[in-house]
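**Q** My questions will all concern the structure given below.
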Ligand SMILES: Cc1cc2nc3c(=O)[nH]c(=O)nc-3n(C[C@H](O)[C@H](O)[C@H](O)COP(=O)(O)OP(=O)(O)OC[C@H]3O[C@@H](n4cnc5c(N)ncnc54)[C@H](O)[C@@H]3O)c2cc1C
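In this note's numbering, the protein residues as written are 474 to 1013.
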C-alpha cells in the first residue's frame, strides 16, 4: 500500500483530471493524482522563443525539431489520426501501443499517456454547449454555468461576446478579448459581413473562434506573442495545457502527483472507501492506494478499460462516440498574391455553424485555419502534381490556403461500441472497437458538407478537395458510461458517479450521451470541475 495520506484519488492529468483535481484541492481535500505522465525531455529545450520566420531564417538547428532527429516528422502514406502531431509533440502517444492496445479494423484512436493527456497538443478551440446540448443529460446548462466560469478563470479563454455565434454557444462569462486574426480570416470575415443576411437566412453563421489562449498576461503565463509556433512549442505559455494547472497545484500541501503509475483497477471494500491498484512502470511492482473517493479521468477509452476490468465486465459492449470529421483545403481567392505577415498565431482563426436543414441532424461546425508553420512538405503527399512542380505551386498558394475543418455531431447506435477482452498472462487487455456509421448518417454529413462549402465559396474560398482521415481522427471520444436519469447499468448518475459503485466518479468524455459537433473538451472540464466540487462537498 502506498503511504500517501489521501482522501481522493484522481486518475489522469488531462483536462478532465487536472480540473477535477483543482476543484478538490481548492476545496481543501487531500488529493493524489495518479498518472503515467510521459514528458518531452528531448525537443522542448531546443526550440528558441522566437517567431516561425525568425527561426526559419536564423536557427541552424531547426531541422532537429521541424523534421525530427529520426526524420519522424516526415509523413508517408495517407493523412491519418495523428496528422497534427509534430516531432516535439509525438511523445503524447509514447507507449500507448503496448500499454493501451486496440483491436479495430475501422477506428484508430489517438490515446495519450502524457502529462496533460491529449491536451498537451490540443488546438484549444472552446465550444461551450448551449442549453439544448444538455437536453437528455440529468443536469442542465444552468447547473454547469458556474463551472464554465470557474474553468474560464483557471485556463484563460479569449473570444468575442455577442457575435453571430453567441446564440449557439450560450453566455460565457469572464473571457479575455479575442485574439487578432490573420489576413486570410479577415478577408473571409469582410465578405461574410457583406453577405451576412443571406447566409444567416440559409442557416450559416460565422465569427471569431473562442480559444483557450490568453490574450492578456496572467500569473505564470503570457498573452499570446503571435509567433506562429503553437504546433511546436509553448514558449509563451499562452495556450492552455493541463500541466499549468498541475504546476499551480504542485505548491499545495494537500496535492500529490504520482507519475509512472498505470492504473489497473479499483475495488470498494465492504468497510468503506476505494482501493486503487496500479503498476509502477519503472519497477513493475503492483501497488495499492486507498482513499475515500476515486475520480476517473483517464480519457474516455482509458477509463473504459479501468471500469470494465474493475467490474469484471469483459465482453460487455459499451457505446462509443466520436465526431465525424473532414478537412477541406481551400484557396481563399481574394487574397491571392497578398503578402503573408509574420505576426499571427497558428490556431483556429474563425469558427462557423451550419444549422440543420429540414432533413434533420444537428448543427455542423467548421473551423478555419491558415497554413504556414506546419510546413509545405506535409502537404505535398496530398498534391496531384510531381514533387518539384507541387512544391512550386504550393509555395505560391500557401498565403491563400485556408484549411476548413468540419465536425459533425455524433449519436449512439448499436454499430458504434467498444468492449474489453481479457489478455493472455503478461499482456495488456485489448480494447476492441467497432465504429460503423449508418448510410443515412454518411449521406446527411456529405450533404451538409456540400452546403457548407457552397457558403464558403460565396466567401471566396474554393475547396480543392475533401479529405476524410478516418473515423477516429477528430480525436474527441465520448459516450461510454453516459450520465442518464434512469438507472441502467454501465451508466453514470446526475453527479457523474458510476452506477453500481458508491464512491467512483467519472470526469472525462465517458459521461456524454451524444456529442454536439462543437467539441467537448471545454464542457468536459466544466463537468470535471463540478465532479470535484461535488465530491469535496460529500466528503466534507
Ligand atoms: C492535436 C489535437 C487537437 C485537439 N483539438 C481540440 C480542440 O481544439 N477542441 C477540443 O474540444 N478538443 C480538442 N482535442 C481533443 C482533446 O484534447 C481531448 O478531448 C481531451 O484531451 C480529453 O481529455 P481527458 O482528460 O478526458 O483525456 P486525455 O487528454 O486523453 O488524458 C488522459 C490522461 O489519463 C492518463 N491515463 C490514461 N490511462 C491511464 C492509466 N491506466 N493509468 C494512469 N493514467 C492514465 C494519461 O496519462 C493522461 O494524463 C484535440 C486533441 C488533439 C490530440
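Note that beta-carbon positions come from the ideal geometry of N, C-alpha and C, so glycine has one too.
#1: So residue 503 packs on residue 479, CB below 8 Å; how close in whole Å?
#2: Using a Cβ-based criterion (distance less than 7 Å to any ligand heavy atom), does residue 592 qualify as near ligand 1?
#3: Is residue 1050 near ligand 1, with its Cβ less than 7 Å from a heavy atom?
#4: Span of the alpha helix (DSSP H) holding residue 995?
#5: Under 8 Å by Cβ, that's how I've got residue 742 and residue 508 pegged, so tell me the actual separation to the nearest angstrom.
#6: Residues bridged to residue 649 by DSSP?
#7: Could you check where the alpha helix (DSSP H) with residue 729 kicks off and where it finishes?
#8: Can you tell me the Cα-Cα spacing of residue 887 and residue 908, whole angstroms?
#9: Let me know the secondary structure DSSP gives residue 824 once reduced to three states.
#10: So residue 429 and residue 830 are in contact, right, with Cβ under 8 Å, and what is the actual spacing, rounded?
#11: Mind checking whether residue 583 and residue 567 have CB atoms under 8 Å apart?
#12: Using CA coordinates, which residue listed in 700, 692, 701, 746 is at the minimum distance from residue 720?
#13: Indicate, with yes or no, if ligand 1 has a heavy atom lying under 7 Å from the CB of residue 759.
#14: Less than 7 Å between the CB of residue 508 and some heavy atom of ligand 1, yes or no?
#15: Please find out if some non-hydrogen atom of ligand 1 comes closer than 7 Å to the beta-carbon of residue 612.
#16: Where does residue 883 sit, in a helix, a strand or coil, going by DSSP?
#17: Does the beta-carbon of residue 726 have 16 or more other beta-carbons within 10 angstroms, so that it is buried, or is it exposed?
#18: Hey, could you find the ends of the alpha helix (DSSP H) residue 504 is sitting in?
#19: Kindly list the residues whose CB is nearer than 6 Å to the CB of residue 809, restricted to its own chain and excluding five residues on each side of it in sequence; keep chain order.
#20: Please name the residue, chosen from 535, 518, 580, that lies closest to residue 891 on a Cα-to-Cα basis.
#21: Can you find a C-beta in chain B that's less than 8 Å from the C-beta of residue 829?
#22: Work out the CA separation of residue 841 and residue 604 for me, nearest whole Å.
#23: When burial is assigned at 16 or more other CB atoms within 10 Å of the CB, is residue 595 buried or exposed?
#24: Answer yes or no: the CB of residue 770 versus the heavy atoms of ligand 1, is any distance below 7 Å?
#25: Taking all protein chains shown into account, do 16 or more other C-beta atoms lie within 10 angstroms of the C-beta of residue 787, making it buried, or fewer, making it exposed?
#26: Who are the near neighbours of residue 950 in its chain, counting only those whose CB is closer than 8 Å to its CB and skipping five residues on each side?
#27: Using the beta-carbon count (16 or more within 10 Å), is residue 868 buried or exposed?
#28: Output yes or no for whether 8 Å exceeds the beta carbon distance between residue 780 and residue 766.
#29: Is the beta carbon of residue 755 within less than 7 Å of some heavy atom of ligand 2?
#30: In terms of residue numbering, what span does the alpha helix (DSSP H) encompassing residue 480 cover?
#31: Ignore the nearest five residues each way along the sequence and tell me which others in residue 656's own chain have a CB closer than 7 Å to its CB.
#32: Alpha helix (DSSP H) containing residue 861: first to last residue?
#33: Hey, could you find the ends of the alpha helix (DSSP H) residue 536 is sitting in?
#34: Can you tell me which residues form a DSSP beta bridge with residue 893?
#35: Please determine if the segment 600-618 and the segment 988-1004 are in contact, where contact requires at least 3 C-beta pairs separated by less than 8 Å.
**A** According to the structure data:
#1: At roughly 6 Å, the Cβ-Cβ gap stays under 8 Å, so residue 503 and residue 479 are in contact.
#2: Taking non-hydrogen atoms of ligand 1 into account, the C-beta of residue 592 is found less than 7 Å away from one of them.
#3: Any answer about residue 1050 is impossible in this case: the structure gives the chain only from 474 up to 1013.
#4: Where residue 995 is concerned, the enclosing alpha helix (DSSP H) stretches over 994-1012.
#5: Contact flag wrong, Cβ pair sits at about 24 Å.
#6: BP columns for residue 649 point to 631.
#7: Where residue 729 is concerned, there is no enclosing alpha helix (DSSP H), although the beta strand (DSSP E) it sits in stretches over 728-731.
#8: The alpha-carbon separation between residue 887 and residue 908 amounts to approximately 9 Å.
#9: Looking at residue 824 - three-state DSSP - the assignment turns out to be strand.
#10: There is no way to answer for residue 429, as the model of the chain reaches only from 474 to 1013.
#11: No, the Cβ-Cβ distance between residue 583 and residue 567 is not below 8 Å.
#12: Of the candidates 700, 692, 701, 746, the residue whose Cα lies closest to the Cα of residue 720 is 692.
#13: Between ligand 1 and the CB of residue 759, the shortest heavy atom gap is not smaller than 7 Å.
#14: For residue 508, the CB falls within less than 7 Å of some heavy atom of ligand 1.
#15: Answer for residue 612: no, Cβ out of range of ligand 1.
#16: Residue 883 falls in the strand class under three-state DSSP.
#17: By the Cβ neighbour-count rule, residue 726 is exposed, with fewer than 16 other Cβ atoms within 10 Å of its own.
#18: Segment 504-507 is the beta strand (DSSP E) holding residue 504; no alpha helix (DSSP H) there.
#19: Scanning its chain for C-beta atoms nearer than 6 Å, with the 5 sequence neighbours on each side dropped, one finds around residue 809 the residues 873, in chain order.
#20: Cα-wise, what sits closest to residue 891 is 580.
#21: Given the protein chain composition of this structure (a single chain), no chain B is represented.
#22: Roughly 25 Å between the two C-alpha positions.
#23: Label assigned to residue 595: buried.
#24: Because some heavy atom of ligand 1 lies under 7 Å away, the Cβ of residue 770 counts as near it: yes.
#25: It counts as exposed.
#26: Only 582, 772, 773, 774, 793, 794, 795, 982 meet the Cβ criterion.
#27: Classification for residue 868: exposed.
#28: With respect to residue 766, residue 780 sits apart: the two C-beta atoms are not nearer than 8 Å.
#29: Ligands present in the displayed structure are limited to ligand 1, and ligand 2 is not among them.
#30: In the DSSP annotation of this structure, residue 480 is not part of any alpha helix (DSSP H), being labelled neither H nor E.
#31: Around residue 656: 808, 811, 814.
#32: It spans 860-870 - the alpha helix (DSSP H) in which residue 861 sits, taken as one unbroken run.
#33: Taken as a continuous stretch (DSSP letters only), the alpha helix (DSSP H) holding residue 536 covers 535-539.
#34: According to DSSP, residue 893 bridges with 904.
#35: Contact holds: three or more Cβ-Cβ distances are below 8 Å.
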